[in-house]
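Participant: Numbering-wise (the UniProt record's numbering), the sequence shown opens with residue 1 and increments by one.
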Amino acid sequence: MVQRKSLGDLLSETPQLIVDLVKAEIAHLKGEISEKAKGIGVGAALLAAAGFFAIFLFAWLIYAGFEGLNVVFAPWLSALIVSAVLLIVVAILALAGLSSIKKNKDFDDLEAVDSIKDDVNMVRGLGYAADGTNPLDDLPAPSSSGATVAAPRTNGDVR
Numbered sequence: 001m002v003q004r005k006s007l008g009d010l011l012s013e014t015p016q017l018i019v020d021l022v023k024a025e026i027a028h029l030k031g032e033i034s035e036k037a038k039g040i041g042v043g044a045a046l047l048a049a050a051g052f053f054a055i056f057l058f059a060w061l062i063y064a065g066f067e068g069l070n071v072v073f074a075p076w077l078s079a080l081i082v083s084a085v086l087l088i089v090v091a092i093l094a095l096a097g098l099s100s101i102k103k104n105k106d107f108d109d110l111e112a113v114d115s116i117k118d119d120v121n122m123v124r125g126l127g128y129a130a131d132g133t134n135p136l137d138d139l140p141a142p143s144s145s146g147a148t149v150a151a152p153r154t155n156g157d158v159r
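So this is what it looks like as structure tokens:
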């Protein structure tokens, strides 16, 4: 049998519940931000690798020009082929790095931020989540037998 708490007990637990909620929200936000920072770090490393190979590309282009002036075909043609391969490597690394940074630079879509906004709206008594829905709709609804039936949850909502 479920033991019911008195109103006084519930009110005395409220401050600790609020503190626990704030700590949990901050921990969640830290996790999301560190995940975004990791993605940006990977992108920066790929861009650094592209820069490293770009230095070799420049050296090979200079070498190819030098050989092209000295010999009519064979040595400089091979140097141009090496330069073309290095150019392809630089392009692939640069595009991968930029893609990673673009994918992870937007901090507006953090779930923790929306959750904190929901909590603030509930404390203020607004009753609406950051996305305009009412979080109270997820509360269990009474059934005809008197037992409570939980409303179905969508999209992994943990509230």
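All C-beta atoms, glycine included, are put in the ideal place defined by N, C-alpha and C.
#1: Is the region 38-57 in contact with the region 81-90, if contact means three or more CB pairs nearer than 8 Å?
#2: Exposed or buried, A45, counting other C-beta atoms within 10 Å across all chains shown (16 or more means buried)?
#3: DSSP three-state label for Q16, please.
#4: Check whether the Cβ atoms of A50 and G97 lie closer than 9 Å to each other.
#5: What distance in whole Å lies between the Cβ atoms of A112 and L29, which are believed to be in contact at a cut-off of 8 Å?
#6: Assign L29 to one of three DSSP states: helix, strand, or coil.
#7: With distances taken from CA atoms, which of I116, K105 and M122 is nearest G43?
#8: For G65, which option in S12, S83 and F52 has the closest C-alpha, if you only look at C-alpha atoms?
Facilitator: Well, looking at it:
#1: yes
#2: exposed
#3: helix
#4: yes
#5: 4 Å
#6: helix
#7: K105
#8: S83
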